[in-house]
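Asker: If you read the sequences in order, they're chains V and A. Sequential numbering of the first sequence, starting at 1, is according to full-length UniProt numbering. Sequential numbering of the second sequence, starting at 1, is according to full-length UniProt numbering.
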Amino acid sequence: MSFKTFLRHVREGFKNVFRNGWMSVASITSIVVSLLVLGVFILLVLNVNSLADKADSQVQITVHLSLETKQALRETLQNEIGSMPEVSKVEFVPKDQGLEELRKDLGPDADSILEGFDKDNNPLNDAFRVEVVEATTVPFVAEKIEALNDKHPEKPVYKVKYGEGAVETLFKITRTIRNVGFVFVAGLGVMSMFLISNTIRVTILARRKEIGIMKLVGATNAFIRWPFFIEGGLIGLLGSLITVGVLYAGYSGLNTSMKGDPLMGWTLLPFDDIWMQLSGLLVGLGMLIGIWGSTVSIRKFLKI
Amino acid sequence: MMIEMQDIWKTYPNGTHALQGVSVKIDRNEFVYIVGPSGAGKSTFMKLIYREESPTKGQISVGGFNIGKLKPRKIPYVRRNIGVIFQDFRLLPKLTAFENVAFAMEVIEAPRKQIKKRVNEVLDLVGLRSKGNREPSQLSGGEQQRIAIARAIVNNPSVIVADEPTGNLDPETSWGIMQLLDEINFRGTTIVMATHNRDIVNKMRKRVLAIEHGQIVRDQLRGEYGYEF
């Protein structure tokens, strides 16, 4: 095929989009609708995922030490915990600091609740705050720390806390959300492929006469296929660009309105971080579907 | 020899025996009417020539090419040597008259300059150059058929196959179309035309092939229509 012929196909493909007016609008609309559903769902999954990640990384182990633990033993213990491969950080929290933090956490009620407690009269123990590399290992690490008591006759570990139960539930929920999200995104993707290619098939059905005439005047199959190929790609491109635009507007609107609301307690992922991949995905998918839909649909009519 | 059929049989997948042992020779520059009752096999006869159908049995050649056993890939190139005209015109509704004619040249990848020149030429020939930028819906039936004829001849085919070209037109317009086809035939193009129009066949005397029950039952030079309707 000469370059001139190729240009002719591109020109025809563009013209066809406009010539077929409402049919093109129908195809583009079906692409926008399907991709919009898909896009909204992807955004939802991404946000839930990041929320889950945040929740995961906030899981810490607090190791309370018994009151009579000496400094030397405390340091040995800190080294022992720190040398566990699953542990990323061990921080010593002296009981004064613990009280201070508790006061802060309780906020305005702190004074009434903690009345009578101060530096010299501190009900808390010294503690370690342990962070792990992989959040799911928390229960296991907690057990290992507790087992350290066996090594030391002084039994320096008084209590190990990590929100038992709650953590396991959290992991279960986040894992489920991720799996279900993935299945849904894949399902929606396949569904929109069929929906869109069906719409395109209908628009091409209306043009079987046109294809018949092309064949009659001696057009080769490749010659007939090219403009449809370009038309399909163009429709996919237009549809996905509109989708990205709508998603962007909707998402940033939602983001601004949520920022002002402290009750939500968390903010959406900034769109800037994900829009490149998201629009890349949507545009790629849209064009693929457009091209696929149109080429598959004409194949049938080419066998004359 | 332009068109040659040897013992052609055509049976459709549904069991219809459309043609049963047809043999015929049509010379270069001939004008042939194909007549006969509906369902006798006229359309199949035409379709075999422009290779929309291939024969179940037998040999067929057009312009020296054996088109009976043609690879699908080669069909488009054979069709470029054959102009086809239908009762229902079959123009592309969203293209102008000019574009409809030009389309047949774009398909064979002719240079744009040449397309412009040649399309105007044939539009002149069919008398519609001034209406080149109208869409089919803005043209009368006779004018649409003239555009279809212009499209059929624009690539200088050696054969024109016309399947009831006057079927949708009033008598006066029909005569205009027939004169145009006669003119094209006079310039050296073989024409095979299926028709039910007895007036035309009887007044413009040409060779007549009558097909009944899938067989050629009459072959007359300067023949008559021969049917009551």
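Ideal Cβ positions, reconstructed from N, Cα and C, are used throughout, including at glycine. Only a predicted model underlies this, so the values are computations on that prediction, with no experimental measurement involved.
#1: Would you mind telling me which residues of chain V sit closer than 7 angstroms to A104 of chain A, beta carbon to beta carbon, in chain order?
#2: Which parts of the region 182-239 of chain V are runs of the alpha helix (DSSP H), unbroken and 4 residues or longer, counting only runs that do not cross its ends?
#3: Are there 16 or more other CB atoms within 10 angstroms of the CB of residue 306 of chain V, so buried, or fewer, so exposed?
#4: Which same chain residues end up closer than 7 angstroms to R79 of chain A when comparing Cβ atoms and leaving out the 5 residues on each side of it in sequence?
#5: Exposed or buried, which one is N133 of chain A when buried takes at least 16 other CB atoms within 10 Å?
#6: Three or more beta-carbon pairs under 8 angstroms between the region 32-39 of chain A and the region 207-226 of chain A, yes or no?
#7: From the DSSP output, which residues share a beta bridge with F65 of chain A?
#8: For the alpha helix (DSSP H) containing K95 of chain V, list its first residue and its last residue.
#9: What's the C-alpha gap between M46 of chain A and T195 of chain A?
#10: With 16 other CB atoms within 10 Å as the buried threshold, where does V59 of chain V fall?
#11: DSSP puts Q6 of chain A in a beta bridge; with which residues?
#12: With DSSP collapsed to three states, give me the class of G21 of chain V.
#13: Taking only beta carbons into account, state which residues of the region 108-128 of chain A come closer than 9 angstroms to chain V, listed in chain order.
#14: If we cut at 8 angstroms on Cβ distances, does P76 of chain A have a partner in chain V?
#15: Just list the alpha helix (DSSP H) runs in the region 45-126 of chain A, keeping only unbroken ones of 4 residues or longer that don't cross its boundaries, in chain order.
#16: Look at V132 of chain V and V63 of chain V and say whether their C-beta atoms are less than 8 angstroms apart.
#17: Kindly indicate which three-state DSSP category F128 of chain V falls into: helix, strand or coil?
#18: Hey, G290 of chain V and G233 of chain V are a contact pair by Cβ (cut 8 angstroms); roughly how many whole angstroms apart?
#19: Can you have a look at G68 of chain A and say buried or exposed, based on whether 16 or more other CB atoms are within 10 angstroms of its CB?
#20: Comparing alpha-carbon positions, which option in V:T5, V:K144, V:M214 lies nearest L91 of chain A?
#21: Find the residues of chain V that neighbour K94 of chain A, judging by a C-beta separation of less than 7 angstroms, and give them in chain order.
#22: I'd like to know whether the C-beta of M23 of chain V is nearer than 8 angstroms to at least one C-beta of chain A.
#23: If the cut is a Cβ gap below 8 angstroms, which residues of chain V does R90 of chain A touch?
#24: Where does the unbroken alpha helix (DSSP H) through F117 of chain V begin, and where does it stop?
#25: For G21 of chain A, which of helix, strand or coil comes out of DSSP?
#26: If contacts are defined as beta-carbon pairs under 8 angstroms, then N122 of chain V and L99 of chain V qualify, I think. What distance do you get, rounded to the angstrom?
#27: Closer than 8 angstroms by beta-carbon distance: list the chain V residues that pair up with R79 of chain A, in chain order.
#28: Under 8 angstroms between beta-carbons, which chain A residues line up against S2 of chain V? List them in chain order, please.
#29: Around the Cβ of L209 of chain A, are there at least 16 other Cβ atoms within 10 angstroms (buried) or fewer (exposed)?
#30: Does L7 of chain V pass the burial test, meaning 16 or more other C-beta atoms within 10 Å, or should it be called exposed?
#31: Mapping the DSSP letters down to three states, classify E212 of chain A as helix, strand or coil.
#32: State buried or exposed for L254 of chain V, treating a residue as buried only when at least 16 other CB atoms are found within 10 Å of its CB.
#33: Mind checking whether E143 of chain A and L125 of chain A have CB atoms under 8 angstroms apart?
#34: Does the region 242-251 of chain V come into contact with the region 278-288 of chain V, if we say contact requires no fewer than three beta-carbon pairs (one atom in each stretch) closer than 8 angstroms?
#35: Of all Cβ atoms in chain V, is any one closer than 8 angstroms to the Cβ of G151 of chain A?
#36: Cα separation between V10 of chain V and T190 of chain A?
Answerer: Per the coordinate set shown:
#1: Within chain V, the residues near A104 of chain A are V217.
#2: Within the region 182-239 of chain V, the complete alpha helix (DSSP H) runs of at least 4 residues are 208-216.
#3: Since the first residue of chain V shown is 1 and the last is 304, residue 306 of chain V is not available in this structure.
#4: Taken in chain order, the residues that qualify are Y50, R51.
#5: Looking at its Cβ environment, which holds fewer than 16 other Cβ atoms inside 10 Å, N133 of chain A is exposed.
#6: Contact annotation: the region 32-39 of chain A touches the region 207-226 of chain A, with at least three C-beta pairs closer than 8 angstroms.
#7: Partner(s): A:V62.
#8: Unbroken alpha helix (DSSP H) run through K95 of chain V: 95-106.
#9: When rounded, the distance between both Cα atoms is 11 angstroms.
#10: Residue environment analysis places V59 of chain V among the buried positions, since at least 16 neighbouring C-beta atoms fall within 10 angstroms of its C-beta.
#11: Within the DSSP secondary-structure output, Q6 of chain A pairs in a beta bridge with A:Q59.
#12: The answer is helix: DSSP assigns G21 of chain V an H, G or I state.
#13: Of all residues in the region 108-128 of chain A, I108, E109, P111, R112 have a Cβ within less than 9 angstroms of some Cβ in chain V.
#14: The beta carbon of P76 of chain A falls within 8 angstroms of a beta carbon belonging to chain V, placing the residue at that interface.
#15: Counting only runs of at least 4 residues, the region 45-126 of chain A fully encloses the following alpha helix (DSSP H) elements, listed from N- to C-terminal order: 75-79, 97-107, 112-125.
#16: Cβ atoms of V132 of chain V and V63 of chain V: not closer than 8 angstroms.
#17: Here F128 of chain V carries a strand assignment [DSSP, helix/strand/coil].
#18: 5 angstroms between Cβ atoms; contact.
#19: That one is buried.
#20: Answer by Cα proximity: V:M214.
#21: Within chain V, the residues whose beta carbon sits less than 7 angstroms from that of K94 of chain A are R19, listed in sequence order.
#22: Cβ-Cβ to chain A under 8 angstroms: no for M23 of chain V.
#23: Going along chain V in sequence order, the residues near R90 of chain A (Cβ under 8 angstroms) are K209, G212, I213, L216.
#24: Run containing F117 of chain V: none; DSSP gives neither H nor E here.
#25: In the displayed model, G21 of chain A falls within a strand according to three-state DSSP.
#26: Confirmed, Cβ separation roughly 5 angstroms.
#27: Within 8 angstroms Cβ-Cβ: K215, L216, V217, G218.
#28: Near S2 of chain V (Cβ distances below 8 angstroms), the residues of chain A are E109.
#29: Result: buried.
#30: L7 of chain V sits exposed, since fewer than 16 C-beta atoms from the chains shown fall within 10 Å of its C-beta.
#31: Here E212 of chain A sits in strand by DSSP.
#32: L254 of chain V should be labelled exposed.
#33: No, Cβ-Cβ distance for E143 of chain A and L125 of chain A is not below 8 angstroms.
#34: They touch, by the three-pair rule.
#35: Checking the sequence shown, residue 151 of chain A turns out to be Arg, not Gly. Cβ-Cβ to chain V under 8 angstroms: yes for R151 of chain A.
#36: The alpha-carbon of V10 of chain V is positioned some 37 angstroms away from that of T190 of chain A.
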